[in-house]
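All residue numbers in the sequence shown are consecutive under the numbering used here, ending with 349. The C-beta atom is built at its ideal place from N, Cα and C for all residues, glycine as well.
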Amino acid sequence: MVNFFKKFDRNKNSRAELAHLVYKVFRFQEFFTDIQNVNYPEDIGSCVFAMWHAHQCCIHGFPDRKNCSVLISRSRDGQIIGDVVERWGFNVIYGSKGKKGSVEATLQMINALKNGGTCAIMVDGPRGPAKVVKDGAVVIAKKAGVPIVPVYWYSPNPTLLKFPSWDSFRIPCLWTKLVNVYGEPIYVNADNDKAQDEEVRLKVQRSLEKLEKEAPEAHKEVFKFGLWKK
């Protein structure tokens with residue numbers, strides 16, 4: 120996400136205050152936001168939800184928050200986002216650039232998945248390049264023995280704002296109708312070698328690219344009776 124938060128992050132108190140403010144803004148925005156899930160995998164059980172970093176707010180449309188762990192960068196703005204996400208009812212796992220922190224976060228994600236939960240990972244984060252899937256989700260899904268489910272967030276409404284950040288972060292502002300479009304589950308064989316894992320990574324990449332093309336039509340179908348009509 121943009122580094123807008125950094126100047127507010129001088130101590131824990133200011134971080135908590137800003138997190139509270141951001142949470143209040145999102146709570147207000149909920150009255151104007153309609154998120155509909157398309158092809159949500161109702162009976163899949165544990166899985167890794169894979170999304171672009173720009174679409175991280177799509178988790179707000181997830182129906183089961185208490186069992187979902189969200190991987191968030193252990194950066195200054197990441198910690199503020201994490202505070203807000205916890206207030207939404209999700210579990211937060213903080214990643215780290217360091218090897219020790221990365222291993223710890225991976226183990227926490229795997230443990231959450233093996234205990235029947237789901238995880239949400241921004242597959243091109245935390246610093247990009249944008250819309251290029253990294254291998255973290257593949258590694259975690261493989262070790263946990265669960266599928267990867269790509270998710271694409273979309274709205275044609277101009278009220279879905281785009282930030283001038285590396286990922287073109289999206290956030291709704293006032294009346295916005297969105298869809299979360301879910302791709303087919305992608306399975307990772309535990310016996311895969313590196314080349315096969317790379318093919319899975321490319322499948323996730325292609326699935327997200329396909330969802331991007333399909334999302335406008337999905338939005339039209341969901342809201343076909345008019346933009347602001349129920």
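Buried or exposed: Ala-231, going by 16 or more other Cβ atoms within 10 Å of its Cβ?
-> Counting from 1 along the sequence shown, the entry for residue 231 is found at position 112. By the neighbour-count rule (16 or more Cβ atoms within 10 Å), Ala-231 is buried.
Compute the beta-carbon to beta-carbon distance between His-179 and Ile-163, rounded to the nearest angstrom, for a pair I have assumed lies under 8 Å.
-> Residue 179 sits at position 60 when you count from the first residue of the sequence shown. Residue 163 sits at position 44 when you count from the first residue of the sequence shown. Not really, about 20 Å apart at Cβ, beyond 8 Å.
Residues in its own chain within less than 7 Å of Tyr-306 by CB, not counting five upstream and five downstream?
-> As a working mapping, residue 306 is identified with position 187 in the sequence shown. Here the set comprises Pro-266.
May I ask you to report which of helix, strand or coil DSSP gives Phe-150?
-> Residue 150 sits at position 31 when you count from the first residue of the sequence shown. Residue state, collapsed to three classes: helix.
Assigned secondary structure, Trp-171 (DSSP; H/G/I helix, E/B strand, else coil) = Mapped onto the sequence shown, residue 171 falls at position 52. Trp-171 falls in the coil class under three-state DSSP.
Endpoints, the alpha helix (DSSP H) within which Ser-165 is located = Counting from 1 along the sequence shown, the entry for residue 165 is found at position 46. That residue, Ser-165, is in no alpha helix (DSSP H); it is neither H nor E in DSSP.
Looking only at DSSP bridge pairs, what is Leu-232 linked to?
-> Your numbering for residue 232 matches position 113 in the sequence shown. None, per the DSSP bridge assignment.
Identify whether Tyr-142 lies in helix, strand or coil by the three-state DSSP scheme.
-> Position 23 of the sequence shown, counted from the start, is the residue given in the question as residue 142. Tyr-142 falls in the helix class under three-state DSSP.
Could you have a look at Lys-253 and say whether DSSP puts it in helix, strand or coil?
-> Translated into the one-based positions of the sequence shown, residue 253 becomes position 134. In this structure, Lys-253 counts as coil in the three-state DSSP scheme.
What is the rounded straight-line gap between the Cα of Val-319 and the Cα of Val-222?
-> Position 200 of the sequence shown, counted from the first residue, corresponds to residue 319. Position 103 of the sequence shown, counted from the first residue, corresponds to residue 222. So the two alpha carbons sit approximately 21 Å from each other.
Unbroken alpha helix (DSSP H) run spanning Val-242, endpoints | As a first step, residue 242 must be located in the sequence shown, where it is residue number 123. Careful: Val-242 lies outside any alpha helix (DSSP H) and carries neither H nor E.
With DSSP run on the structure shown, which of helix, strand or coil describes Lys-281?
-> The residue you call residue 281 lines up with position 162 of the sequence shown. Correct three-state label for Lys-281: strand.
Cβ pair Arg-112, Tyr-142 closer than 8 Å = Residue 112 falls outside the range modelled here, since the chain spans only 120 to 349, and no answer is possible.
In the DSSP assignment, what residue or residues form a beta bridge with Asn-311?
-> Indexing the sequence shown from 1 puts residue 311 at position 192. Beta-bridge pairing links Asn-311 to no other residue.
How long is the line joining the alpha carbons of Leu-279 and Ala-334, rounded to whole angstroms?
-> The sequence position of residue 279 within the sequence shown is 160, counting from 1. The sequence position of residue 334 within the sequence shown is 215, counting from 1. Going from the Cα of Leu-279 to the Cα of Ala-334 covers about 14 Å.
Can you say whether Val-270 is buried or exposed, counting buried as having 16 or more other CB atoms within 10 angstroms of its CB?
-> If you number the sequence shown from 1, residue 270 lands on position 151. Buried is the call here.
Under 8 Å between C-beta atoms, does Gly-235 make it to chain C?
-> Here there is only one protein chain, and chain C is not present.
Does DSSP put Ser-326 in a helix, in a strand, or in coil?
-> As a working note, residue 326 is residue 207 in the sequence shown. Note: Ser-326 maps to helix in three-state DSSP.
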